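Colleague: To start, I am sharing the structure in question, which I have written as structure tokens.
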Amino acid sequence: MADYDKVIPSGQGGEIRVKIHGSKIHPGRFTKSWSVVTNDPENKKLTIKVGGTVKQVFDSSGQLFMSGFHDESISGEMILENKLDEPIHITGWKWDERSLEGGIDEKIGIELKEIEKGRKYRLSAWKKPEAQPEMYRGEIILTTDLPALPEKKIPVRLTISRDVEVHPNRVYLGEMVVPEGSSMSFDRQFRIIAARGDTLRILGAEPDREDITVKIQEVQAGKVYKGTVRVRPPSKLGNYDGIIKIKTNYSGYEEILLHVGGRVRLDFKP
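Read left to right, the sequence shown gives residues 0 to 269 (numbering that gives the first Met the number 0).
This is the structure in structure tokens:
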């Protein structure tokens, strides 16, 4: 990335600063070029080239992405190997600030072990008991004694699935425009999915409001169901909220709550 936006006075020189992001270039030799536009009639456009070599410092065995069900033990690990001739010591690790703000340290455990002094390290991660079914994302910052690479960031992801899931997990109808003094219906669809097994049966659906109706049909036996929510809100300005209780035969998921939301806006057209 080159940057220069100043005028060079007559008879003087100017400096163009170039910043190379090595993390965005594959290891090995590279050549980059850019154009400089001037008001010199003899040199209206100049092409400047820069080249160099990007060295890979660490080679990793893979990514620290983990997934599984809420009642399973979920873990993962990666091996980091020093590719330089000189030894590199990883002196510590920490979560980045954004990850800590989301409380990821309470959901994912981390351990760093040196396998071969200055050469090879193992970074392990696992699901903590406090972690609930959802996706967690964060970054681990490794600190090293290499001046050229004082920190190395490692992305971490943990996906915990439920046995039975509803997609979307909330039915949102947005803005519902209703004629003043009249009524209109608004439909939305959702799916109920058994993530493992094929014995799921839907026993019923109970809305907590009379202006909500629900129809559920089987798409794939014991696995997938499609539901349709029909809302006929009152002709009254304001927020709309409701809850549907979905009854199933699945142990631990006998009652699933599906929230319905939106906002009513009145149409005053004559």
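Cβ atoms here follow ideal geometry from the backbone N, Cα and C, with glycine treated the same way.
Nothing here was measured: the structure is a model prediction, and the numbers come from that model.
Quick check for students: name the residue ranges of the beta strand (DSSP E) that lie wholly in the segment 88-170, counting only runs of 3 or more.
Modeller: 89-94, 107-115, 119-126, 134-143, 150-160 and 163-166
Colleague: In chain order, what residues of the same chain have a beta carbon less than 6 angstroms from the beta carbon of Met0, not counting five sequence neighbours either side?
Modeller: As a first step, residue 0 is located in the sequence shown; it is residue number 1 there, counting from the start. Only weak support is given to the placement of Met0: the predicted model assigns it a pLDDT of 48, under 50, and the question is left unresolved by the model.
Colleague: When you compare each of Asn38, Leu111, Val163 and Asp266 to Arg195 by their alpha carbons, which one comes out closest?
Modeller: Indexing the sequence shown from 1 puts residue 195 at position 196. Among Asn38, Leu111, Val163 and Asp266, the Cα nearest to that of Arg195 belongs to Val163.
Colleague: What are the start and end residues of each continuous beta strand (DSSP E) run of 3 or more residues lying completely inside the segment 180-232, in chain order?
Modeller: 185-193, 201-206, 211-219 and 223-230
Colleague: DSSP on Lys235, reduced to helix/strand/coil?
Modeller: The residue you call residue 235 lines up with position 236 of the sequence shown. In this structure, Lys235 counts as coil in the three-state DSSP scheme.
Colleague: Which residues in the same chain have their Cβ closer than 8 angstroms to the Cβ of Leu236, if we skip the five residues on either side of it in sequence?
Modeller: Reading the sequence shown from its first residue, position 237 is the one you call residue 236. So the list reads Val263, Arg264 and Leu265, once near-sequence residues are dropped.
Colleague: Under DSSP, the beta strand (DSSP E) around Gly13 begins and ends at which residues?
Modeller: Counted from its first residue, the sequence shown places residue 13 at position 14. From DSSP, Gly13 is part of no beta strand (DSSP E); its letter is neither H nor E.
Colleague: From Glu14 to Thr158, what distance separates their C-alpha atoms?
Modeller: Counted from its first residue, the sequence shown places residue 14 at position 15. Counted from its first residue, the sequence shown places residue 158 at position 159. Roughly 49 angstroms between the two C-alpha positions.
Colleague: Look at Pro26 and Val53 and say whether their C-beta atoms are less than 7 angstroms apart.
Modeller: As a working mapping, residue 26 is identified with position 27 in the sequence shown. As a working mapping, residue 53 is identified with position 54 in the sequence shown. In contact: Pro26 and Val53 (Cβ atoms closer than 7 angstroms).
Colleague: Looking only at C-alpha atoms, which of Thr90, Val177 and Lys127 sits nearest to Leu111?
Modeller: Along the sequence shown, one-based indexing puts residue 111 at 112. That would be Thr90, whose Cα lies nearest to the Cα of Leu111.
Colleague: Return yes when the C-beta of Glu205 is under 6 angstroms from any heavy atom of the ligand GTP, and no when it is not.
Modeller: With respect to small molecules bound, the structure shown includes none, and the ligand GTP cannot be examined in it.
Colleague: Give the straight-line distance between the Cα atoms of Ser184 and Asp210, rounded to the nearest whole angstrom.
Modeller: Residue numbering aside, residue 184 sits at position 185 when the sequence shown is read from its first letter. Residue numbering aside, residue 210 sits at position 211 when the sequence shown is read from its first letter. Rounded to the nearest angstrom, the two C-alpha atoms are 9 angstroms apart.
Colleague: With which residues is Asn81 paired in a DSSP beta bridge?
Modeller: The residue labelled residue 81 in the question sits at position 82 within the sequence shown. Beta-bridge pairing links Asn81 to Phe57.
Colleague: Kindly indicate which residue of Asn42, Leu122 and Lys43 has the alpha-carbon position closest to the one of Ile78.
Modeller: Taking the first residue of the sequence shown as 1, we reach residue 78 at position 79. Of the listed residues, the one whose Cα sits closest to Ile78 is Leu122.
Colleague: Any idea what DSSP makes of Lys23, helix, strand or coil?
Modeller: Taking the sequence shown and counting its residues from 1, one reaches residue 23 at position 24. Helix at Lys23.
Colleague: With a CB to CB cut of under 7 angstroms and the five nearest residues on each side skipped, what residues in its chain are close to Gly203?
Modeller: Numbered from its first residue, the sequence shown carries residue 203 at position 204. Same-chain partners within the cutoff: Lys246.
Colleague: For the candidate residues Glu138, Thr30 and Pro40, whose alpha-carbon lies nearest to that of Gln62?
Modeller: Locating residue 62 in the sequence shown gives position 63, counting from the first residue. Across the set Glu138, Thr30 and Pro40, the C-alpha of Glu138 shows the shortest separation from the C-alpha of Gln62.
Colleague: Mind checking Trp94: buried by the 16 CB within 10 Å criterion, or exposed?
Modeller: As a working mapping, residue 94 is identified with position 95 in the sequence shown. Classification of Trp94: buried, given that the 10 Å Cβ count is 16 or more.
Colleague: For Thr46, which residues from the same chain have a beta carbon less than 7 angstroms from its beta carbon, with the 5 sequence-adjacent residues on both sides left out?
Modeller: As a first step, residue 46 is located in the sequence shown; it is residue number 47 there, counting from the start. The residues are Ser32 and Ser34.
Colleague: Between which two residues does the beta strand (DSSP E) containing Glu254 stretch?
Modeller: On the sequence shown, residue 254 is found 255 positions in, with the first residue counted as 1. Start and end: Glu254 to Asp266.
Colleague: So what does DSSP say about Thr37, is it helix, strand or coil?
Modeller: Position 38 of the sequence shown, counted from the first residue, corresponds to residue 37. In this structure, Thr37 counts as coil in the three-state DSSP scheme.
Colleague: Closer than 8 angstroms is the cut-off here; do at least three beta carbon pairs connect the segment 174-181 with the segment 142-160?
Modeller: no
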